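Peer 1:
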Amino acid sequence: MDIISKRIIMTAMSLFLIGVTLEAVRRRSLRERYALLWLLSGLAVLMSAAFPSVPDFIARHLGITFIEGASYLFSFFLMMVIFHISIAISHLRATLEAQARRIALLGAEVERLRGERDKPQP
Amino acid sequence: MEDGRSTSEYPGRVLAAIPAFNEEASLRTLAQSLATSLPGIDVAVVDDGSRDGTAALARSLGFTVISMPSNMGVGCAMQTAFQYAAAHGYDAVLRLDADGQHPPAEARRLFEKYAETKADLVVGSRYLKESGRVSSRIRGLASHMLSLFIGTICRTQVSDPTSGFWLVSTPLLECFARDFPTDYPEPEAIAILHRLGYSFAEVGVDFRTRRHGRSTIGSLDAAYFMVKVIIALVADRVRHIDKRDERRHVLRAISTHGRGLT
Chain A
-5 MDIISKRIIM
5 TAMSLFLIGV
15 TLEAVRRRSL
25 RERYALLWLL
35 SGLAVLMSAA
45 FPSVPDFIAR
55 HLGITFIEGA
65 SYLFSFFLMM
75 VIFHISIAIS
85 HLRATLEAQA
95 RRIALLGAEV
105 ERLRGERDKP
115 QP
Chain B
39 MEDGRSTSEY
49 PGRVLAAIPA
59 FNEEASLRTL
69 AQSLATSLPG
79 IDVAVVDDGS
89 RDGTAALARS
99 LGFTVISMPS
109 NMGVGCAMQT
119 AFQYAAAHGY
129 DAVLRLDADG
139 QHPPAEARRL
149 FEKYAETKAD
159 LVVGSRYLKE
169 SGRVSSRIRG
179 LASHMLSLFI
189 GTICRTQVSD
199 PTSGFWLVST
209 PLLECFARDF
219 PTDYPEPEAI
229 AILHRLGYSF
239 AEVGVDFRTR
249 RHGRSTIGSL
259 DAAYFMVKVI
269 IALVADRVRH
279 IDKRDERRHV
289 LRAISTHGRG
299 LT
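Chains as they are written, first to last, in the numbering used here: chain A, -5 to 116; chain B, 39 to 300.
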């Protein structure tokens, strides 16, 4: 496969990724804050296809092919996405724990008040 | 439970907090020993999303039941207990495990140690003899390594960093109500005490072996556990600490705004 066909496939793939991301945001199944890195990943591939000098530069210095250089670039952004998601999960976990504690304490309070209410009047 | 009596051995109101996950089988025995050894003490069972009758049994035994909406882990359950105790004006929390490995009769030793040292956290240690020397019966290298590591961080001897037999007094109680580690709560909490200016003491106690169920970490490979704890401890060591959790700040906040502000 010549370099032009590779660049056409990469363009199609990146446009697909960007399109899917934007659609997910439009349908509110993906929050904007988590969409950003996915968009950047798609753009990285698109830029590699449009301006091959960047992946070429990586490829030359690492002694690999153009397509491998582009993959490295894409992988880097994917790792950023995964890291971002890990941080989001940690944050969610903290929020969830705070809410669980609150629910538990409110439940105990409701139980206490119910007990007081149902106590036979002297 | 607002009018709960204090135990005779502790100068203030103590809440016995029992985190429980599927401990129906052992709770009744624990209730009997509590009634014998610590009569009149207020007891709160934090039911951490049990699927058996733990909550119903605890309720029928006359304990306050705090039910977590799902299984959140012992650290989260204990922080809930600390928040409950702070909001209800308790001066201390005595933590006991629901499986009965912390005999309530041994709590006396923790109270005595508190009277002697006024330490914010008194830990009942399996490995400490009355003489104050670490016993040679330390099970496994992992536990020993961990206690050495924490000892270095805290610059004090910590013979049993994974023991959950605790007596937590105010102001540390308020601090734990605000912020309590959830991954490996016992060693992590002990490791952070030193940085926040709280005092710590250990006393040798006799633990009972579990009769029902299994420990939450018992089946984990000890070495793997140790590595994870040490990573968590290193993270805690380099982490920025919240000034508001420091002992002097918590004391000032209590004198200005009162208790239970978490």
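Ideal placement from N, C-alpha and C gives every residue a C-beta, glycine not left out. Being a predicted model, the structure only gives us computed values, none of them experimental.
Could you check where the beta strand (DSSP E) with B/PRO57 kicks off and where it finishes?
Peer 2: Reading the second sequence from its first residue, position 19 is the one you call residue 57 of chain B. Where B/PRO57 is concerned, the enclosing beta strand (DSSP E) stretches over 52 to 58.
Peer 1: Comparing the C-beta of A/GLY63 with each C-beta of chain B, is any distance below 8 Å?
Peer 2: Here residue 63 of chain A refers to the residue found at position 69 when the first sequence is read from its first residue. With 8 Å as the cut-off, A/GLY63 does not count as an interface residue toward chain B.
Peer 1: Can the beta-carbon of B/ARG216 be found less than 8 Å from the beta-carbon of B/ASP283?
Peer 2: For the purposes of this step, residue 216 of chain B is taken as residue 178 along the second sequence, with counting starting at 1. For the purposes of this step, residue 283 of chain B is taken as residue 245 along the second sequence, with counting starting at 1. Yes, the Cβ-Cβ distance between B/ARG216 and B/ASP283 is below 8 Å.
Peer 1: Just how far apart, CA to CA, sit A/SER8 and B/PRO199?
Peer 2: Position 14 of the first sequence, counting from 1, holds the residue named residue 8 of chain A. Position 161 of the second sequence, counting from 1, holds the residue named residue 199 of chain B. So the alpha carbons of these two residues sit roughly 52 Å apart.
Peer 1: Using three-state DSSP, classify B/ALA136 as helix, strand or coil.
Peer 2: The residue you call residue 136 of chain B lines up with position 98 of the second sequence. Coil at B/ALA136, not helix or strand.
Peer 1: Figure out for me which residue from A/THR15, A/THR89, A/PRO46, A/ILE(-2) has the closest Cα to the Cα of A/VAL75.
Peer 2: The count along the first sequence starts at 1 and reaches residue 75 of chain A at position 81. For A/VAL75, the nearest C-alpha among the options comes from A/THR15.
Peer 1: Alpha carbon to alpha carbon, what distance is there between A/MET41 and B/ALA291?
Peer 2: Here residue 291 of chain B refers to the residue found at position 253 of the second sequence. Here residue 41 of chain A refers to the residue found at position 47 of the first sequence. Whole-angstrom Cα-Cα distance: 56 Å.
Peer 1: Is the beta carbon of B/PHE203 sitting closer than 8 Å to the one on B/ARG133?
Peer 2: As a first step, residue 203 of chain B is located in the second sequence; it is residue number 165 there, counting from the start. As a first step, residue 133 of chain B is located in the second sequence; it is residue number 95 there, counting from the start. The answer is yes: Cβ separation under 8 Å.
Peer 1: Starting from the Cα of B/HIS140, find the closest Cα among B/SER98, B/SER64, B/GLU226, B/ALA227 and give me that residue.
Peer 2: Counting from 1 along the second sequence, the entry for residue 140 of chain B is found at position 102. If we check each option's Cα against that of B/HIS140, B/SER64 comes out closest.
Peer 1: Which whole runs of the alpha helix (DSSP H) in the region 216 to 253 of chain B are 4 residues long or more, in chain order?
Peer 2: Within the region 216 to 253 of chain B, the complete alpha helix (DSSP H) runs of at least 4 residues are 223 to 234.
Peer 1: Please report the straight-line C-alpha distance between A/GLU105 and B/ALA96, rounded to a whole angstrom.
Peer 2: Reading the first sequence from its first residue, position 111 is the one you call residue 105 of chain A. Reading the second sequence from its first residue, position 58 is the one you call residue 96 of chain B. Each residue's alpha carbon lies about 13 Å from the other.
Peer 1: At least one CB of chain B closer than 8 Å to the CB of A/GLU110: is that the case?
Peer 2: On the first sequence, residue 110 of chain A is found 116 positions in, with the first residue counted as 1. No, A/GLU110 lies away from the interface with chain B (no Cβ there is under 8 Å from its Cβ).
Peer 1: Return the Cβ separation of B/PRO223 and B/GLY113 in integer angstroms, given the expectation that the two are a contact with Cβ distance under 8 Å.
Peer 2: As a working mapping, residue 223 of chain B is identified with position 185 in the second sequence. As a working mapping, residue 113 of chain B is identified with position 75 in the second sequence. Indeed they touch by this definition, with Cβ atoms about 4 Å apart.
Peer 1: Give the secondary structure of B/ASP280 by DSSP, where H, G and I count as helix, E and B as strand, and everything else as coil.
Peer 2: In the second sequence, counting from the first residue as 1, residue 280 of chain B sits at position 242. Note: B/ASP280 maps to coil in three-state DSSP.
Peer 1: How would you list, in chain order, the residues of chain B whose beta-carbon sits under 9 Å from the beta-carbon of A/ILE97?
Peer 2: Counting from 1 along the first sequence, the entry for residue 97 of chain A is found at position 103. Chain B residues near A/ILE97: SER105, MET106, PRO107.
Peer 1: Kindly confirm or deny that the region 96 to 107 of chain B and the region 74 to 86 of chain B touch, where touching means at least three C-beta pairs closer than 8 Å.
Peer 2: At 8 Å Cβ cutoff, the stretches touch.
Peer 1: Express the C-alpha separation of B/THR74 and B/ALA119 in angstroms, rounding to a whole number.
Peer 2: Here residue 119 of chain B is taken as the residue at index 81 of the second sequence, counted from 1. Here residue 74 of chain B is taken as the residue at index 36 of the second sequence, counted from 1. B/ALA119 and B/THR74: Cα-Cα distance of roughly 23 Å.
Peer 1: Does the separation of the CB atoms of A/LEU72 and A/SER35 fall below 8 Å?
Peer 2: Residue mapping note: residue 72 of chain A aligns to position 78 of the first sequence, counting from 1. Residue mapping note: residue 35 of chain A aligns to position 41 of the first sequence, counting from 1. Result yes, Cβ atoms of A/LEU72 and A/SER35 sit closer than 8 Å.
Peer 1: Can you pull the chain A neighbours of B/CYS192, defined as C-beta to C-beta under 7 Å?
Peer 2: Here residue 192 of chain B is taken as the residue at index 154 of the second sequence, counted from 1. The contacting residues do not exist; B/CYS192 stays about 25 Å from chain A at best.
Peer 1: Classify B/SER174: buried if its beta carbon has 16 or more other beta carbons within 10 angstroms, exposed otherwise.
Peer 2: Locating residue 174 of chain B in the second sequence gives position 136, where the first residue counts as 1. With a pLDDT of only 49 at B/SER174, under 50, the local geometry of the prediction cannot be trusted, and the value read off the model is given with reservation. Its Cβ having fewer than 16 others within 10 Å, B/SER174 is exposed.
Peer 1: Taking only the alpha-carbon atoms, compute the straight-line gap between A/ARG21 and A/ILE12 and give it to the nearest angstrom.
Peer 2: By 1-based counting over the first sequence, the position of residue 21 of chain A is 27. By 1-based counting over the first sequence, the position of residue 12 of chain A is 18. Going by the C-alpha atoms only, they are around 14 Å apart.
Peer 1: For A/PHE60, which residues from the same chain have a beta carbon less than 8 Å from its beta carbon, with the 5 sequence-adjacent residues on both sides left out?
Peer 2: As a working note, residue 60 of chain A is residue 66 in the first sequence. Within the same chain, A/PHE60 has close Cβ partners ILE(-3), LYS0, PRO46, PRO49, ASP50, ALA53.
Peer 1: Between B/GLY170 and chain A, is the shortest Cβ-Cβ distance under 8 Å, so that the two count as touching?
Peer 2: Walking along the second sequence from the start, residue 170 of chain B turns up at place 132. Confidence in B/GLY170 is poor, its pLDDT being 48 and thus under 50, which makes the residue's placement unreliable; the coordinate value appears in the next sentence. By this cut-off, B/GLY170 is not an interface position.
Peer 1: Which residues, in chain order, does the region 120 to 135 of chain B contribute to contact with chain A at a C-beta distance below 7 Å?
Peer 2: For the region 120 to 135 of chain B, which is checked against every Cβ of chain A, the residues closer than 7 Å are GLN121, TYR122.
Peer 1: What runs of the alpha helix (DSSP H), each 4 residues or longer, lie entirely inside the region 51 to 136 of chain B?
Peer 2: If we require 4 residues or more, the alpha helix (DSSP H) runs fully inside the region 51 to 136 of chain B come out as 62 to 75, 92 to 98, 112 to 125.
Peer 1: What residues from chain B crowd round A/ALA82, counting only those whose CB sits closer than 7 Å?
Peer 2: Here residue 82 of chain A refers to the residue found at position 88 of the first sequence. Those within 7 Å of A/ALA82 in chain B number zero; the least Cβ separation is about 17 Å.
Peer 1: A/LEU90 by DSSP, collapsed to three states: which one?
Peer 2: By one-based count along the first sequence, residue 90 of chain A stands at place 96. Reduced to three states, the DSSP call for A/LEU90 is helix.
Peer 1: For B/THR294, return the contacting residues in chain A, with the cut-off set at a CB-CB distance below 8 Å.
Peer 2: On the second sequence, position 256 is the one that residue 294 of chain B refers to. Under the 8 Å cutoff, chain A gives no residues; its nearest Cβ is about 23 Å from B/THR294.
Peer 1: Using beta-carbon positions only, say whether A/HIS78 and A/LEU31 come within less than 8 Å of one another.
Peer 2: For the purposes of this step, residue 78 of chain A is identified with residue 84 of the first sequence, where counting begins at 1. For the purposes of this step, residue 31 of chain A is identified with residue 37 of the first sequence, where counting begins at 1. In this structure, A/LEU31 lies closer than 8 Å to A/HIS78 by Cβ.
Peer 1: What's the gap between the Cα of B/LYS266 and the Cα of B/PRO225?
Peer 2: In the second sequence, the residue the question calls residue 266 of chain B occupies position 228. In the second sequence, the residue the question calls residue 225 of chain B occupies position 187. If I take the Cα positions, the gap works out to 11 Å.
Peer 1: Tell me whether the beta-carbon of B/LEU205 lies closer than 8 Å to the beta-carbon of B/TYR122.
Peer 2: In the second sequence, the residue the question calls residue 205 of chain B occupies position 167. In the second sequence, the residue the question calls residue 122 of chain B occupies position 84. Result no, Cβ atoms of B/LEU205 and B/TYR122 do not sit closer than 8 Å.
Peer 1: Between B/GLN117, B/ILE268, B/SER293, B/PRO209, which has its C-alpha nearest B/LYS156's C-alpha?
Peer 2: Residue numbering aside, residue 156 of chain B sits at position 118 when the second sequence is read from its first letter. Of the candidates B/GLN117, B/ILE268, B/SER293, B/PRO209, the one whose C-alpha sits nearest the C-alpha of B/LYS156 is B/PRO209.
Peer 1: Using a cut-off of 9 Å between C-beta atoms, extract the partners of B/MET311 located in chain A.
Peer 2: Here chain B has residues from 39 to 300 only, and residue 311 of chain B is not among them.
Peer 1: Could you tell me which chain A residues have their CB closer than 9 Å to the CB of B/THR220, listed as they occur along the chain?
Peer 2: Start at 1 with the first residue of the second sequence, and residue 220 of chain B comes out as number 182. Near B/THR220 (Cβ distances below 9 Å), the residues of chain A are ARG87, ALA88, GLU91.
Peer 1: Could you run through the region 5 to 20 of chain A and flag, in chain order, every residue whose CB is less than 8 Å away from some CB of chain B?
Peer 2: From the region 5 to 20 of chain A, no residue has a Cβ closer than 8 Å to chain B.
Peer 1: What residues in its chain sit with their C-beta under 7 Å from that of B/GLY91, if we drop five residues either side in the sequence?
Peer 2: The residue you call residue 91 of chain B lines up with position 53 of the second sequence. If we look at B/GLY91 and ignore the five residues flanking it on each side, its Cβ neighbours are GLU62.
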